[in-house]
Structures are given as structure tokens and as C-alpha cells.
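**Q** What follows is a structure written as C-alpha cells; I'll ask about it next.
4 protein chains.
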Amino acid sequence: MDYNKLLENIHQAILPYAQEGKAADYIPELAKVDPDQFGMCIHTIYGEVGAIEQADTRFSIQSISKVFALAMCLSIEGDNLWKKVGKEPSGTAFNSLVQLEVEHGIPRNPFINAGAIVMADILYSHLEHPHEDFLRFVHEISGEESICYNKQVALSEREKGYLNAAIANLLKYHGTIENDIEDVLHFYFMMCSIEMSCRELSKAFLVFANHRKKFDYAGITLTSSQVKRMNAIMQTCGFYDEAGEFSYLVGLPGKSGVGGGIVAIYPLQYAVAVWSPRLNSRGNSVMGIKALELLTTETQSSIF
Amino acid sequence: MDYNKLLENIHQAILPYAQEGKAADYIPELAKVDPDQFGMCIHTIYGEVGAIEQADTRFSIQSISKVFALAMCLSIEGDNLWKKVGKEPSGTAFNSLVQLEVEHGIPRNPFINAGAIVMADILYSHLEHPHEDFLRFVHEISGEESICYNKQVALSEREKGYLNAAIANLLKYHGTIENDIEDVLHFYFMMCSIEMSCRELSKAFLVFANHRKKFDYAGITLTSSQVKRMNAIMQTCGFYDEAGEFSYLVGLPGKSGVGGGIVAIYPLQYAVAVWSPRLNSRGNSVMGIKALELLTTETQSSIF
Amino acid sequence: MDYNKLLENIHQAILPYAQEGKAADYIPELAKVDPDQFGMCIHTIYGEVGAIEQADTRFSIQSISKVFALAMCLSIEGDNLWKKVGKEPSGTAFNSLVQLEVEHGIPRNPFINAGAIVMADILYSHLEHPHEDFLRFVHEISGEESICYNKQVALSEREKGYLNAAIANLLKYHGTIENDIEDVLHFYFMMCSIEMSCRELSKAFLVFANHRKKFDYAGITLTSSQVKRMNAIMQTCGFYDEAGEFSYLVGLPGKSGVGGGIVAIYPLQYAVAVWSPRLNSRGNSVMGIKALELLTTETQSSIF
Amino acid sequence: MDYNKLLENIHQAILPYAQEGKAADYIPELAKVDPDQFGMCIHTIYGEVGAIEQADTRFSIQSISKVFALAMCLSIEGDNLWKKVGKEPSGTAFNSLVQLEVEHGIPRNPFINAGAIVMADILYSHLEHPHEDFLRFVHEISGEESICYNKQVALSEREKGYLNAAIANLLKYHGTIENDIEDVLHFYFMMCSIEMSCRELSKAFLVFANHRKKFDYAGITLTSSQVKRMNAIMQTCGFYDEAGEFSYLVGLPGKSGVGGGIVAIYPLQYAVAVWSPRLNSRGNSVMGIKALELLTTETQSSIF
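Chains as they are written, first to last, in my numbering: chain A, 1 to 304; chain B, 1 to 304; chain C, 1 to 304; chain D, 1 to 304.
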């Protein structure tokens, strides 16, 4: 299949939605990103690649980094991880900002902020050099050594990060995190600040799609079963309170970030990344969801 | 593949869990069911069948009936259905019994009780003979004319059904349901009271697995895309507040009932039904989940 | 003191607020009441009386009847009452309509709807002729035999009473009420439908103000201490989620009703009733609160 | 009246409860206080005094300090204060630790922690030397210059104060507090760390009881009406989720602290302070509440 052509057709078809939504602007670094950018890249397990528009422009992957953190935590802790964090979807954001995310100190799943802060704490405890080790893992699964943190983004996030600080304090109060709050938050915001392009993201996520291949990167190893279960969690929890909607429309496991990126996986077939900064009211890229909905419809590639 | 042998092996392997959990006993009809029964049946889209133990014993399908109701509502209302009911998972049962299930009158998804009561109201409004029409649809997709309601179960449910009556009143207060509350509740409990065997259930659910086949039963028609989207909803919402856990362990869309039945689907491959009355604390069959976890592990048939 | 003059001055002073707020219109009987009426009456324990404007016009006392129900329940159950209903204020109406009012089946206080439904159930169990006995008690403490229920109001309330029916079902589910739901709701709505004038209400509430006088009406007896404690509950719970505001502005225990009536007590001094149908957003009479605020300011009669 | 004799009789009568409850031990400084101490002191507006047992032993007044903060904030902000903090009781602690205390950034009342942190922020903004100015106000209304902070207590509270830090971050996120979080929390914990004896507390609170006397201390001035309204807030919000119970049993406005102190006021009559470290499950002194219940019963001095 001509994947470049496929993606170009999709891009054409969704152009009417190009001005919908609003890019994140809660920190200056995100506010100044040109909102009218769009990139998309697909990697199949057979080595095929399609890449269009700004597929090589790096952007702030934000919450997509939580998938990398989950892979590392699962490798380190195994199923003990689930004593500190749940794996149930968080449902419609009812009135939860802080409290409901943390029941008796246990966040509902690893992809809400509370859960990701717990993962940051676990990695901070187990990794000798947390910042370097996390980055090396990302380098190895993406095959791209030049990927790095954006420290200015991380600093800005911390400055405005009162809500995440509230969550971290609540987790500390419940005894769920063990390290110093500032250390954990700093590491958490650093992970979120990583910048990658659609090409790099889709290549990195191909390792989750291709769960029959040995998973061993920078010392992080997962069994085929563990990779499949990670995909299950992306399916049920990957899109905040829009997980059901995304599952309904797109039918693939995936993960979105507030920077406008979305990654999705068709197990044993492909990984795809799309990026466009304008977000819907639930914090997911408008063009990104449209593009993926069309991709699975066109290629009949929903997992259902 | 010898599916009888496969299921028998699975049954042997999970026997150690045979006494775990507790059967539902909130109405006398469920309380008097022998809790030590087990049945399992699989139908593949290629016509293969495996059936063991009490695969032909009928039991109260309870919430599994909500999938049939959803098929009918989607056929009748199309995407307008989602104005009256959401499609997001309900998350961990936080302290919701009534209120949190219904936000501004809109239940979170069609498989929680509030959502199913809304579906009962829709069907009650649109079907000429709701009770007969619903049963005829079940007859046609299962190919078994002798399936029927258990009126005594429905009556007992209504007698003890204060919580569902509270939900129905709340929905009426919000204007989400339009018919008389007692009529809606009676129809709702009748649907839940249907009795089917594992063989009948897995045959009926094969139509959801085989979404490439034309869906047209008793006048209820769905497109391939609609069937796939129903599967997506089963994946994210089919197991109450254990949807994430089931997705993680089993990796298939499905639906459970408090009578001890579970149905699951491997799209374009098979449908499987399992029944064992003892439930875990979240209301799902202990042996049922174990059997399905083993089935997908053995056959490598998770959708992820 | 010339109480007529005092009340007239107050009325003059609050006239600028006469058009603020909106009368209850959720049932036709309340909707058709002329909203521009105002009545006020004060009775002191020394036999003084002041009465102005429509002080003798009867109106629907609605939730004010809950104080009468509480007197009867306290007489019948003593402190056992507090096993079935709490005495803590309900706080700001957070998102509670149903669920939060009833924690584990125990309503927070006797003056929220859930608490009053529990009291209706208790009276229904203990009184030989609930409807007659309740009315006789009201006759005796007010000294006015012609007071009666408005059955049409009670019927309309029941017809629109989905929220209260939801609450009653939830209470039944928790086992807090023992009688048939329809019987309890009918009795509850009948109590609320009683019609009294300001003069009758202030005379009836004088028995709560004058707690040194023997309390014995229609077989309902209370000690001085019990009456004082009823006043304490009126102080903390008498005004829904505006209890703190009323306490702050007026500084007297009291009870409001959605019909626009408010009764307040200055222990060992006086009882006062005021009526004006236009309500603020929290369901309390705008002119009523203004009048009482001015009364306590002018007469320096806050309990604080 | 012989107030020493009165208090002694009360003390004798409540001795059977001396071992009930458990002293606060969440910081070492509170944990090491001898839990078997008891002190009580009453000051009437006529200059009478009664004082028994450890009436002159200083203890950590903790949340009682919030009344002093409220007096200062009301003097500084007037009714503008109520834009940043509510005055409604918080009701039964439902599942609130953090979130429910702060709705859209507005704490429910000034006496819950969230409200007191907002007051600390206000004072921090308006006072030239917050720590000194607060202490000078306490010196002046108590007439005792030697009262001071216990910095070790304040430091320990901050070290363990993850919950309060979560609240402060949430308030900052909502924009309700304007100063640096650490500055505000430090000042908040300092205010709570003040140590006073029952004699000093009852003398200080006499100024709230005697609202006809000019209120002007260290530049903090309040009108008679403002003092009465402060008393109203103590009545409805002074005892966490036991406000209704305290109002019912004791019938006086007051404020408790986790150090085991309780202060209550009988307007225009007396102020009373009692101290005993063992707390009930709601964080109020067991002996303290018993003593005050008996005091108001014996002296017929409930405000109702």
C-alpha cells in the first residue's frame, strides 16, 4: 500500500476541521507553538512507512511519555505495580480534580496525572540516574539519540503546576510516594517535556504493536503478554475521560498528549503518530482524532 | 482445533477456583440455583463449536441482555442514542449508587443500570409490542425459539428493586425517560430475566463477532461499523468497575451478568460464553473470568 | 412596644426588594399564588402581638411542617430518633440531589427531604391515624381547629415528586424506612400541604420559644431540654444550604418553606412568622429574610 | 455564684469519661503531652472567675487560633471577606479531604483548614509584620504579653503537613491565595502553634461574649454586629462535622482545637475554656464537650 498517499488523502479529507479547537496555552512554551501545524507518520511491522507534512517536526509529547514510564515500571515492578496504581478507567471527569483521582492514595490508573506521579516516584527510587536512564530508554526504543528534554518546558510546568503539586502532596499524605515531592515533580515534568516527531513516536511505538518481537531496550525487558496488557491499558485509559469515545470512533489503543500528539497501535500491524496542536474540550487533538478515525475506517483496521 | 478438548483442559486447570466467590442471592430465584455448576461453549465464524459441562443448561442472563437492548436501540436511534446515554466507562465505583450514575440525567454508558433503564424506555416508546418484539429479536439472533422470560424472576427483581426504582425516578426527574416508571422498570426486569444456555449465548453473540456478515434480525439492522462500535463499548464498559481488569487479563470485548454468565467476542474469529454462578466482589463470575483468561492465553487470541 | 408599628416600619424599609426573586412554580397550585403578597406576625411570650398586611392569609407551609413532625418524632422516639437521622447541617449543596443526602441510608438531618421522609415513615408506623393525628397536633399547638391539608397540593406534589420518590426508594433500599413507599410519600406530601397564616404559625411556634412552659399537645409531650434542642437543630439546619447565611444575618433559629413562609424564634421572648412568595436562588423567601434581618437588628434580638 | 465550686462539681461528674478518647499524636510535640490533664476556666462579663485544675497550664490552641484570625480578617476586609470564603457549615465529612473543602476555589467556611489558609494569605498580604502583628493582637485581647508561638510545633506541622500543602496548592491553582505557598503555610502553622492556658483563652474570648463593649485591640476594630456575627459562625461551623451535635448538646457558639482545647461563649454572660487532650473520633476533646454540656445544663445557659 502507498502509505504516503493514504495519509495525504486523509489529511485532505480532514482539512475542514483545521481551525477547530484551541491549542494549550497554560505555559508560554506551548502557547507560542504555531497551532496550524500537522504531521502524521505510520510504521508497519513489515517495514513500510508513510510520513506527511510536519512528520519530522518535534513537539512536546507530554502525556504520551506516560507510556514509556509504564513500560519501565512494569519491567521493574511486574504486577506489584498494581498495588500502587489501579488499571480502571477514570470515567467521565465528574468533579474530580484532585480527590477523586486518588482513592485512599491509589490513583485509578497510570495515565491520569496522579498515576503518572506515582510512576515517577517508582522510577526515581529504582533507577540509578533517573533522568539519564529514562532518556536512554527513549533513545533505544526510538533509535534516535538526539531526543532530549526541554528543561524550559519542565520549569514552566512546575511553576504553574499547583494542581499536580496538590496531587503529589495528597499522594505523600497517603504514603503512596516515598521520595521528596519536589524531586518527584521535577522528574515527572522532565519526562513530560521530551520532544519527539511523529516519525520518532511511531517508530518507538512500533515495539508495542509488534509484541511478538523480543522487548529489550536499555535493560528494560517485557514479555509479549506484558506488552499486550500495556496495549489493553492504553485502550481503556489512554484518552482521559474520552477513552470510550476514542475506542468507539477509532477502535485502537493509544495515548494522547496535551501538546497535540496522539499515538495509536494496531497490534501486529502498525503504529501511527499524528500531531496537531488544536485540542477539543477534553484535551485531545481535534485533527489527530479525525485522522485516526479516518485511517481505521479506510483501512478497516479497528481491533473490533 | 479440537475445541471440546481445549475447553475441557481449561476447565480442569481452573477447578482449584471452583469454590471461590459467592452466588447472587438477593432474590430467591437466584439464591436457589446450584452454585457449583459450570458450562462453556465456543462458536467460531467457521462453524466450529466446542461445548462442555452444563453448556446446555439455561440460566438467568441478567445484564448480558443489555447488549441485545443496545443492538436494538442503535438500530432504531442511530447515533441519536448518544444524546441520552454516554459511552464512557464508569470507572471504579467510587461512592456512586445512584447519583453518580446519572449526571444531569445522562447515564455514563448503556451497560450501567441507569443506561439500561434509558434503553428500556427507548424501546418501550418505539416498539409496538416491546415484550414480544424484544424476545423475537433474541429468538432470531440465537436461532432458538424456545427462549423465554422468567416472569417470577422479573417480579422478584421488581419487589426488591428499590435501587433501580430510585434510578428510574431520578431519570424521570431529569426528563431522560418518557414512559411510566413502572412500565419501564417492568420491561427492564423482564429483559434481564431471559434465560439462555451458554450454547445459545455464544451462538447469538457470534453475530457481533462476525461483523462482516449482514446484520438483520427481526427487522433490527446494523452496519458493520455499528457492530464494531458495539464491540468497542463492550470492551470499555462491559464489566462494571472491573472493565480495566478484564481488558488487562482477557483482552476481549464482552459482557457479564449477575447470574454468573459471561460472553466474550474475538472479532472475526469466535464468540464464547461461560457460566458459573459464584461471583467475585465486583459481581463477575470467578470461574468465568479465569476460563476466559486461560482461553485467550492458550489461543493467543487477545485483540491486543 | 408597639409591634404593629415595628412591623410596619420593617415592611416599609424592605419594599425596594418586593420584586426580587421568583415564586415556586413547580406545581400549578403554587404557580398561581399571587407573588406580590406579604404578611408578618409576631407573638411574644408576654402575650403581645403584632400583625400586618396579609398576616391572616393562609399559604402552603411546606417544609415548615417538618418542625411539627420533628416535635412528634422526638416525643415518640426520644434520642433513638438519631439512629435513623443525623443532626448535622448538610453544608453547601455540592452535587447532592439524592445520594449525598443519604449516607449509608442515614439522612444528614431531619429537615432535608430525606430526613423528613424518614420522619414521615416513623410517624406512619407509630400513629394510629397518621393523617388525623398530625393535623390534631397542629390544631392544638396553634389553637386553630380549621387548619387543614390541601389535598390538591399533595396530589400535585406526588405527581411531580420524582426526586422525592428517588430518595424514598433509596431509603427503602438501605432499610431506613419500613412502610410502603407510596404510603410514606403520600403522608409526607400531605404534611407539607398544610395551609396556615402567619398569625397561626407564629402562635404555634411560640410554644418552641417558650420552652419553660409545659409542652403537651394532643398527647405529644416534650421536656424543656428537648424543646431547646429542637431550636438548636432549627439554627443549624433550618435553611437548607443557607443555614450559615441566615444564622449570620438574622441570628435566630427558624425554618423556611418553599411556599415563601419563614418562622423564627427568639427563645424566651417571641416567635415570628413572615410570608412572601418570591424566593432567592436557595429557595428561601427574599422579603422574609430581609424582614427578619431587620427585626433582629432593630430589636437587638439575635441570640448571639 | 461560686464558680470554682460549680466547675469542681462538673469535673467530678465527668471523671468517668477521663480515659475515653485518644490524644493527637501526628506530631511528636503533641504526642508527648500528658493526656490525663484537665483544666477549665470561666470569666463572666461581671468580672467573676472560676478556674480549676490545670487552668493555668498552657497548651497548643491549634484551630482555636482561627477565631483570632477571623476577627482580624473581618476587621481588615469587612464583608469582602466572604468573596473568598463561605460561611456555610461543611456538613458531615463525606469523602472530603481536599477537593470538597474547596469548591471552585472557595472554602466553605473560615474554620475548615482551607478557609483558615485563605485567612492566613489575607493577613499575610495586609499585615506589615504578619507574625508579630498576629501575636500582638492575641496579647492585647488576652491581656497577657508572654503568650508566644511554639516554633518547633509549627515546624513539625509543616513537615507532616502534606494534606494542608495539598489544600494550599489547590487554592493557589484556583487563584484564591496570592502569596507564596510556603510563606502562607508557615504563617498558618505558626498561628496554630500558639500556646495559651484556659484562663488566658477564656479571658480573650470574653471580648466576643461581651459584644456591647468597644472592640479595639492592637488596631483591630469590630462593631457589635460584627462580633455577634462571628459568634454565629462559631455556632454553625466551630466544631468541624460535629457542629450540629455540639449545638444540640451544649447550645453555645464555640471553637475546638486538636490540642484538646475548647472555648465557648454565652453572649452577654460569660466565656469558658476547657482543656483535656483526649479527643473523640471527630477530633474534639471528650472531657471538654462533656464539661460544657454539663455547664449549660446546670446553669440553664444554652442560647436556645
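Beta carbons: idealized from backbone N, C-alpha and C, even for Gly.
Just so we're clear, the structure is a prediction, and the values are computed from it rather than from any experiment.
1) Relative to the alpha-carbon of Ile61 of chain D, which residue among D:Glu20, D:Glu128, D:Ile194 and D:Ala116 has its alpha-carbon at the smallest distance?
2) Just the C-alpha distance for Phe94 of chain A and Gln19 of chain C, rounded to the nearest angstrom, thanks.
3) Could you run through the stretch 170 to 190 of chain A and flag, in chain order, every residue whose CB is less than 9 Å away from some CB of chain D?
4) Under the DSSP definition of a beta bridge, which residues are partnered with Arg278 of chain D?
5) Quick check: is the beta carbon of Phe205 of chain C nearer than 8 Å to any beta carbon in chain D?
6) Please check if any C-beta of chain B sits within less than 8 Å of the C-beta of Ala232 of chain A.
7) Can you check whether the C-beta of Asn136 of chain D is within less than 8 Å of a C-beta belonging to chain C?
8) Give a yes or no on whether the minimum CB-CB distance between Gln235 of chain B and chain F is below 8 Å.
9) Below 8 Å on C-beta distance, what does Tyr124 of chain B contact in chain C?
10) Are the C-beta atoms of Phe59 of chain B and some chain A residue less than 8 Å apart?
11) Output needed for Tyr46 of chain B: all residues of its chain with C-beta closer than 8 Å, excluding positions within five of it in sequence on either side, in chain order.
12) For Ser197 of chain C, which three-state DSSP category applies?
13) Starting from the C-beta of Glu8 of chain D, find all residues in its chain whose C-beta is less than 8 Å away, skip the five residues before and the five after it, and write them out in chain order.
14) Looking at the structure shown, is Gly86 of chain D part of a helix, part of a strand, or coil, going by DSSP?
15) If we define contact as Cβ-Cβ less than 8 Å, is Ala165 of chain D a contact residue for chain A?
16) Counting only C-beta atoms, is Phe304 of chain A closer than 8 Å to chain B at any point?
17) Answer with buried or exposed for Ala31 of chain D, where buried requires no fewer than 16 other C-beta atoms within 10 angstroms of its C-beta.
18) What does the Cβ neighbour count give for Asp56 of chain B, buried or exposed, with the cut at 16 atoms within 10 Å?
19) Using the Cα positions of Thr223 of chain B and Arg58 of chain B, report the straight-line distance between them to the nearest angstrom.
20) Any C-beta of chain D sitting closer than 8 Å to the C-beta of Gly288 of chain A?
21) Comparing C-alpha positions only, which one of B:Ile265, B:Ile303 and B:Met191 sits nearest to Gln269 of chain A?
22) Is the Cβ-Cβ distance between Ser247 of chain C and Ala232 of chain D less than 8 Å?
23) Which residues in the same chain have their Cβ closer than 7 Å to the Cβ of Gly283 of chain C, if we skip the five residues on either side of it in sequence?
24) So with CB distances below 9 Å, who are the chain D contacts of Tyr162 of chain A?
25) Enumerate in chain order the residues of its own chain whose CB-to-CB distance from Val274 of chain C is below 6 Å, with the five nearest sequence positions on each side excluded.
26) Assuming Gly238 of chain A and Phe111 of chain A form a contact by the criterion Cβ under 8 Å, report the distance between their Cβ atoms to the nearest whole angstrom.
27) Express the C-alpha separation of Tyr217 of chain B and Glu88 of chain A in angstroms, rounding to a whole number.
28) Could you tell me which residues DSSP puts in a beta bridge with Tyr266 of chain D?
29) So is Leu70 of chain B buried or exposed if we call it buried at 16+ other beta carbons inside 10 Å?
30) Between which two residues does the alpha helix (DSSP H) containing Leu139 of chain C stretch?
31) With a 10 Å radius around its C-beta and 16 neighbouring C-beta atoms as the bar for buried, classify Glu200 of chain D as buried or exposed.
32) Taking all protein chains shown into account, do 16 or more other C-beta atoms lie within 10 angstroms of the C-beta of Asp180 of chain A, making it buried, or fewer, making it exposed?
33) For Tyr17 of chain B and chain A, any beta-carbon pair shorter than 8 Å?
34) Report the residue from D:Ala204, D:Phe134 and D:Ser281 whose alpha carbon sits nearest the alpha carbon of Glu242 of chain D.
35) May I ask which residues mark the beginning and end of the alpha helix (DSSP H) holding His11 of chain C?
36) For Ile10 of chain A, tell me which candidate among A:Ala165, A:Ile27 and A:Phe38 has the shortest Cα-Cα distance.
**A** Quick look at the numbers:
1) On the fourth sequence, residue 61 of chain D is found 61 positions in, with the first residue counted as 1. Closest option to Ile61 of chain D, Cα to Cα, is D:Ile194.
2) Counted from its first residue, the first sequence places residue 94 of chain A at position 94. Counted from its first residue, the third sequence places residue 19 of chain C at position 19. Only weak support exists for where Phe94 of chain A lies, its pLDDT of 42 falling under 50; the coordinates are left without a value.
3) Leu170, Leu171, Lys172, Tyr173, His174 and Ile181
4) Taking the fourth sequence and counting its residues from 1, the one referred to as residue 278 of chain D is at position 278. D:Ala23.
5) Mapped onto the third sequence, residue 205 of chain C falls at position 205. Answer no: the Cβ-Cβ gap between Phe205 of chain C and chain D never drops below 8 Å.
6) In the first sequence, counting from the first residue as 1, residue 232 of chain A sits at position 232. So, interface residue.
7) Stepping through the fourth sequence from its first residue, residue 136 of chain D is reached at position 136. In the sequence under discussion, the amino acid at residue 136 of chain D is Arg, which differs from the Asn named in the question. No, Arg136 of chain D does not count as interfacial toward chain C.
8) The chain inventory of the structure shown lacks chain F, comprising the protein chains A, B, C and D.
9) Taking the first residue of the second sequence as 1, we reach residue 124 of chain B at position 124. Simply none; closest approach about 17 Å.
10) Numbered from its first residue, the second sequence carries residue 59 of chain B at position 59. So, not an interface residue.
11) Within the second sequence, numbered from 1, the residue matching residue 46 of chain B stands at position 46. Around Tyr46 of chain B: no qualifying Cβ.
12) The residue labelled residue 197 of chain C in the question sits at position 197 within the third sequence. Coil, per DSSP.
13) As a first step, residue 8 of chain D is located in the fourth sequence; it is residue number 8 there, counting from the start. Contacts found: Ile52.
14) Here residue 86 of chain D is taken as the residue at index 86 of the fourth sequence, counted from 1. Looking at Gly86 of chain D - three-state DSSP - the assignment turns out to be coil, as it is neither helix nor strand.
15) Taking the fourth sequence and counting its residues from 1, the one referred to as residue 165 of chain D is at position 165. Cβ-Cβ to chain A under 8 Å: yes for Ala165 of chain D.
16) Position 304 of the first sequence, counting from 1, holds the residue named residue 304 of chain A. Judged by the 8 Å Cβ criterion, Phe304 of chain A is in contact with chain B.
17) In the fourth sequence, the residue the question calls residue 31 of chain D occupies position 31. Under this definition Ala31 of chain D is an exposed residue.
18) Your numbering for residue 56 of chain B matches position 56 in the second sequence. Exposed.
19) Translated into the one-based positions of the second sequence, residue 223 of chain B becomes position 223. Translated into the one-based positions of the second sequence, residue 58 of chain B becomes position 58. Each residue's Cα considered, the two are about 30 Å apart.
20) On the first sequence, residue 288 of chain A is found 288 positions in, with the first residue counted as 1. For Gly288 of chain A, the answer is no, since every Cβ of chain D falls outside 8 Å of its Cβ.
21) The residue you call residue 269 of chain A lines up with position 269 of the first sequence. Checking every option, the nearest Cα to that of Gln269 of chain A belongs to B:Ile303.
22) On the third sequence, position 247 is the one that residue 247 of chain C refers to. On the fourth sequence, position 232 is the one that residue 232 of chain D refers to. Their beta carbons are under 8 Å apart, which means Ser247 of chain C touches Ala232 of chain D by this criterion.
23) Residue numbering aside, residue 283 of chain C sits at position 283 when the third sequence is read from its first letter. Answer for Gly283 of chain C: Tyr240 and Val258, listed in chain order.
24) Residue 162 of chain A sits at position 162 when you count from the first residue of the first sequence. Those within 9 Å of Tyr162 of chain A in chain D are Ala168, Asn169, Leu170, Leu171, Lys172, Tyr173, His174 and Ile181.
25) As a first step, residue 274 of chain C must be located in the third sequence, where it is residue number 274. Once the five neighbours on either side are set aside, the close Cβ partners of Val274 of chain C are Met40, Ile262, Gly288 and Ala291.
26) Reading the first sequence from its first residue, position 238 is the one you call residue 238 of chain A. Reading the first sequence from its first residue, position 111 is the one you call residue 111 of chain A. The Cβ separation is near 6 Å, so the contact holds.
27) The residue given as residue 88 of chain A occupies position 88 in the first sequence. The residue given as residue 217 of chain B occupies position 217 in the second sequence. Their backbone Cα atoms lie some 35 Å apart in a straight line.
28) For the purposes of this step, residue 266 of chain D is taken as residue 266 along the fourth sequence, with counting starting at 1. For Tyr266 of chain D, which the question treats as bridged, DSSP gives the partners D:Tyr270.
29) Locating residue 70 of chain B in the second sequence gives position 70, where the first residue counts as 1. So Leu70 of chain B ends up on the buried side.
30) Taking the first residue of the third sequence as 1, we reach residue 139 of chain C at position 139. Per the sequence shown, the amino acid found at residue 139 of chain C is His instead of Leu. Run containing His139 of chain C: Pro130 to Ser142, per the alpha helix (DSSP H) assignment.
31) Counting from 1 along the fourth sequence, the entry for residue 200 of chain D is found at position 200. Burial call: buried.
32) Numbered from 1 along the first sequence, position 180 holds the residue referred to as residue 180 of chain A. With fewer than 16 Cβ atoms within 10 Å of its Cβ, Asp180 of chain A is classed as exposed.
33) Here the question's residue 17 of chain B lines up with position 17 in the second sequence. No, Tyr17 of chain B does not count as interfacial toward chain A.
34) As a working note, residue 242 of chain D is residue 242 in the fourth sequence. If we check each option's Cα against that of Glu242 of chain D, D:Ser281 comes out closest.
35) Start at 1 with the first residue of the third sequence, and residue 11 of chain C comes out as number 11. Counting along the chain, the alpha helix (DSSP H) containing His11 of chain C begins and ends at Tyr3 to Ile14.
36) Residue 10 of chain A sits at position 10 when you count from the first residue of the first sequence. The shortest C-alpha separation from Ile10 of chain A is found at A:Phe38.
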